[in-house]
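Shown next, in C-alpha cells, is the structure this report addresses.
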Amino acid sequence: MNTIEASLRNVTLLRDLVPYVVATPSNLPALDLTPFGVPAAQHIDPTKMASADFLDILHRLDGLTFGPEGMPMPKWVFFDCAEVPGAIYGLARPASTLWPAARELFAVPASYDGLVPLSMYIAIPMQRFGAWFGHNLASAAPALRDAGLEDVDLRGLGSVTKALGLKCFGVRDFYGATQWTSKALFIHVKFGPLNLSTAWTPAHSELETLTYGFEVTDDKLRASVGDRRVIIDRPQPTLWLDAHDPQQMQDLQARIEAGQAFCIPSAPKHEGGRIHVPVTKI
Ligand SMILES: CC(C)(COP(=O)(O)OP(=O)(O)OC[C@H]1O[C@@H](n2cnc3c(N)ncnc32)[C@H](O)[C@@H]1OP(=O)(O)O)[C@@H](O)C(=O)NCCC(=O)NCCS
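Under my numbering, think of the first position of the sequence shown as 802, with each following residue one higher.
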C-alpha cells in the first residue's frame, strides 16, 4: 500500500482534517502535492490578497505555540524566511466545522468561512539539492487541550504534520534546531537517531539550542507516524545530558568542534522536573 494510512497511529487525523500547502506559484510545481497519496487539497498563494485571512490565522497559530516558548515570529519573518523561499505544509479544519472554543482561541473573524490551520510545518531549502532546514513545527493540539477540548482526538498531529511535510517538500537531508528542554524532541527522534552539529549555540537567540540532522527515508517517515513494522536501529546512550546544564552542553560542543561525532539515539526522559537527553558517541 502506497498511502500512509496503514502506518498511522491515529487514523482519525487525516479523516477529520484537510491538508493544505502554502507556496508561491514558482515553488509549488517542485512540491509533491499528494505525499504518500494524501492530496493537499488547498493551495495558498502568499502573493495573493485573497490569502490574507488564512495567513493571519496561521500567524496566530505561530503565536499560540511559539509565543509561550518566547520565539513568536514577526510577520515579515514568516513572509521573507518561510512563505517565499520555502513552503508550509499543515492540517486544517473548515471554519464551519471548527469547535467554538477553537474559533475563539484562533480569533477567527465571524465572516471567515475558509480553512483554519491547526498545524504547520515550515522548511527552507538549503544550497545542496535535497537538503532542507526545518524552520517551524507547530501543533494546536496542546493549546486546544488546555482550552478544554479534551474530547477532540488530535494525538499525533505534530508528528503527522512533520512527516507529510518532509515528503511534500521532497526532503532528503534534513537539518533542524531545537532546545534541549523542548518536548518537540519526542517527535524528532521518531524519525530515527539525530546527528548533532551543535550542542551549544551562541549564534542562536537561545544558546541552549542543539542543531541536528538525519537522512530522510520513507521508512523513517512511516515510523514517525506510528508504523511498528519499521525497525529503526538505535544505539545505546553513552551519556545522559542534563537539559538544564549549560556546562554539559558546552563540553559536548567542544568535543564536536574537536571532530568527535554524536547523535541523540532516542527519546528524552522527563522526570520530576528534570530532563535528561540520551547522547551516543558514534
Ligand atoms: C511540540 C509540538 C509540535 C507537539 O505537538 P503534538 O501535536 O502534541 O505532537 P504529537 O502528538 O505528534 O507528539 C508529541 C509526543 O510527545 C510525547 N510527549 C510529550 N510530553 C512528554 C513527556 N513528558 N514524556 C513522554 N512523552 C511526552 C507524546 O507522548 C507524543 O508522543 P507519542 O505520539 O509517542 O505518544 C507542540 O507542542 C507545539 O507546537 N509546541 C510549541 C512549538 C514548538 O516547540 N515546536 C517545535 C520546535 S522544534
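Ideal placement from N, C-alpha and C gives every residue a C-beta, glycine not left out.
Classified as exposed, residue 912 has fewer than 16 neighbouring CB atoms from the shown chains inside 10 Å of its CB.
Scanning its chain for C-beta atoms nearer than 7 angstroms, with the 5 sequence neighbours on each side dropped, one finds around residue 858 the residues 907, 909, 917 and 918, in chain order. Within the model, the alpha-carbon separation for residue 904 versus residue 1064 is close to 41 angstroms. Spatial neighbours of residue 991 in its own chain (CB-CB distance under 7 angstroms, excluding positions within 5 residues in sequence) are listed in chain order as 960, 1024 and 1025. In the DSSP assignment, residue 1061 falls outside any beta strand (DSSP E) and carries neither an H nor an E. Counting along the chain, no beta strand (DSSP E) covers residue 946; the unbroken alpha helix (DSSP H) around it starts and ends at 942-947.
Inclusion of residue 979 and residue 1010 in the CB contact set at 9 angstroms is warranted, their separation being smaller than that value.
Shown here, residue 1056 sits in a helix according to DSSP, grouped into three states. As the crow flies, the alpha-carbon of residue 812 is around 14 angstroms from that of residue 820. As computed with DSSP, residue 980 is found in a beta bridge with 1010.
Note that the C-beta distance between residue 1020 and residue 894 is not below 9 angstroms. Per the C-alpha coordinates, the member of 835, 847 and 809 positioned closest to residue 827 is 847. In the DSSP assignment, no residue is bridged to residue 1030.
Pairwise C-beta distances place the region 885-901 out of contact with the region 867-875, as fewer than three of them are shorter than 8 angstroms. Contact between residue 882 and residue 936 holds: their C-beta atoms lie close to 7 angstroms from each other, under 8 angstroms. Per DSSP, the continuous beta strand (DSSP E) segment holding residue 925 begins and ends at 920-926.
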